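Protein chains in written order, with my numbering: chain A, 264 to 377; chain B, 61 to 175.
Have a look at the structure below, then the notes.
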Amino acid sequence: DTAVSQTPKYLVTQMGNDKSIKCEQNLGHDTMYWYKQDSKKFLKIMFSYNNKELIINETVPNRFSPKSPDKAHLNLHINSLELGDSAVYFCASSQDRVSVSEQYFGPGTRLTVT
Amino acid sequence: AQSVTQLGSHVSVSEGALVLLRCNYSSSVPPYLFWYVQYPNQGLQLLLKYTSAATLVKGINGFEAEFKKSETSFHLTKPSAHMSDAAEYFCAVSWLVGATNKLIFGTGTLLAVQP
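Here it is, written out as structure tokens:
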């Protein structure tokens with residue numbers, strides 16, 4: 264069983280469209296994250312949720328809206344896609360928000376905006 | 061603010077040679093440090109972590125790292141490189157921001173292993 268799964272794995276879309284990426288973890292973790300990895304492989308945190316509550320919200324355009332229907336799921340919706348949104352988006356989870364436990368990463372979603 | 065610097069965006073070694081990937085951190089409080097590996101088209105996988113216990117940390121696949129406070133370093137080593145070690149390696153530092161642990165990644169080092 265995959266610990267952290269993401270769908271879709273690849274997403275190709277045109278500028279101006281709206282798209283969603285889904286993430287699910289079956290580890291029983293309380294905390295989930297979204298990261299963006301750019302073309303230079305730089306990884307930056309975007310959001311973090313703990314038990315459905317938003318706890319980290321970095322300086323991300325408000326076109327990006329995370330949603331956590333329950334603690335096992337964290338989805339990312341992106342409105343009005345722009346060329347600069349092209350990247351690999353990783354979902355991750357950790358046991359909780361405080362303990363220094365490792366983060367488990369999903370396989371990534373490669374978003375290409377044309 | 062906490063940060064990590066990885067020296068060398070590309071490192072190339074021969075199969076069987078020593079692997080040394082450098083990571084220096086900046087932290088005003090005792091840091092928690094991690095090394096992650098990313099194989100092509102995959103997510104990140106934890107290699108090892110330092111959480112203020114032993115300064116020499118052993119990880120998976122024969123990798124280890126030594127925490128040196130005096131040098132603010134956490135370099136990753138492996139005595140003998142294998143072709144399967146070719147991947148991108150990320151050093152990361154974690155600290156509490158408010159009531160939440162936040163992970164900050166370095167810019168990564170791409171390891172190439174030559175036959």
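All C-beta atoms in this analysis are idealised placements derived from N, C-alpha and C, irrespective of residue type, glycine included.
All values reported here derive from a predicted model rather than from experimental measurement.
Best match in the options for proximity to residue i [C-alpha to C-alpha]
i, options, result
"residue 295(A)", "316(A), 373(A) and 340(A)", "316(A)"
"residue 325(A)", "291(A), 356(A) and 344(A)", "344(A)"
"residue 175(B)", "167(B), 164(B) and 74(B)", "74(B)"
"residue 65(B)", "77(B), 78(B) and 87(B)", "87(B)"
"residue 336(A)", "306(A), 276(A) and 369(A)", "369(A)"
"residue 89(B)", "112(B), 171(B), 102(B) and 82(B)", "112(B)"
"residue 125(B)", "145(B), 79(B), 157(B) and 105(B)", "79(B)"
"residue 76(B)", "144(B), 170(B) and 161(B)", "144(B)"
"residue 342(A)", "310(A), 265(A) and 328(A)", "328(A)"
"residue 313(A)", "376(A), 371(A) and 333(A)", "333(A)"
"residue 115(B)", "91(B), 100(B), 105(B) and 106(B)", "91(B)"
"residue 108(B)", "155(B), 157(B), 67(B) and 138(B)", "138(B)"
"residue 285(A)", "267(A), 276(A), 321(A) and 358(A)", "267(A)"
"residue 288(A)", "365(A), 265(A), 306(A) and 319(A)", "265(A)"
"residue 158(B)", "365(A), 374(A), 319(A) and 346(A)", "319(A)"
Beta carbon proximity, residue i to chain B, threshold 9 Å
i, result
"residue 365(A)", "yes"
"residue 318(A)", "yes"
"residue 353(A)", "yes"
"residue 356(A)", "no"
"residue 368(A)", "yes"
"residue 311(A)", "yes"
"residue 284(A)", "no"
"residue 371(A)", "yes"
"residue 306(A)", "yes"
"residue 275(A)", "no"
For residue i: DSSP bridge partner residues
i, result
"residue 148(B)", "98(B) and 170(B)"
"residue 164(B)", "153(B)"
"residue 374(A)", "274(A) and 350(A)"
"residue 105(B)", "97(B)"
"residue 269(A)", "286(A)"
"residue 66(B)", "83(B)"
"residue 142(B)", "DSSP lists no partner for residue 142(B)."
"residue 128(B)", "133(B)"
"residue 368(A)", "355(A)"
"residue 89(B)", "In DSSP, residue 89(B) forms no bridge with anything."
"residue 74(B)", "174(B)"
Interface flag, residue i vs chain A, CB-CB below 9 Å
i, result
"residue 79(B)", "no"
"residue 123(B)", "no"
"residue 96(B)", "yes"
"residue 164(B)", "yes"
"residue 150(B)", "yes"
"residue 171(B)", "no"
"residue 65(B)", "no"
"residue 109(B)", "yes"
"residue 116(B)", "no"
"residue 89(B)", "no"
"residue 168(B)", "yes"
"residue 76(B)", "no"
"residue 61(B)", "no"
"residue 157(B)", "yes"
"residue 136(B)", "no"
Residue i CB to nearest heavy atom of the ligand FMN below 8 Å
i, result
"residue 99(B)", "Among the components modelled here there is no ligand, and therefore nothing to report on the ligand FMN."
Length-filtered (4 minimum) alpha helix (DSSP H) runs lying within the stretch 282 to 366 of chain A:
none
When you compare the stretch 61 to 79 of chain B with the stretch 350 to 359 of chain A, are there three or more beta-carbon pairs, one atom per stretch, that lie closer than 8 Å?
no
Along the stretch 318 to 337 of chain A, where does the CB come closer than 9 Å to a CB of chain D? Name the residues.
In the structure shown, chain D cannot be found, because the protein chains are A and B.
Just checking, does the stretch 150 to 157 of chain B make contact with the stretch 88 to 105 of chain B on the three C-beta pairs under 8 Å criterion?
yes
For the stretch 272 to 282 of chain A against the stretch 134 to 150 of chain B, do three or more pairs of beta-carbon atoms, one drawn from each stretch, fall closer than 8 Å, so that the two count as touching?
No: the two stretches stay apart, fewer than three of their Cβ pairs being nearer than 8 Å.
Taking contact to mean 3 or more Cβ pairs, one atom from each stretch, closer than 8 Å, check whether the stretch 292 to 312 of chain A and the stretch 269 to 277 of chain A are in contact.
no
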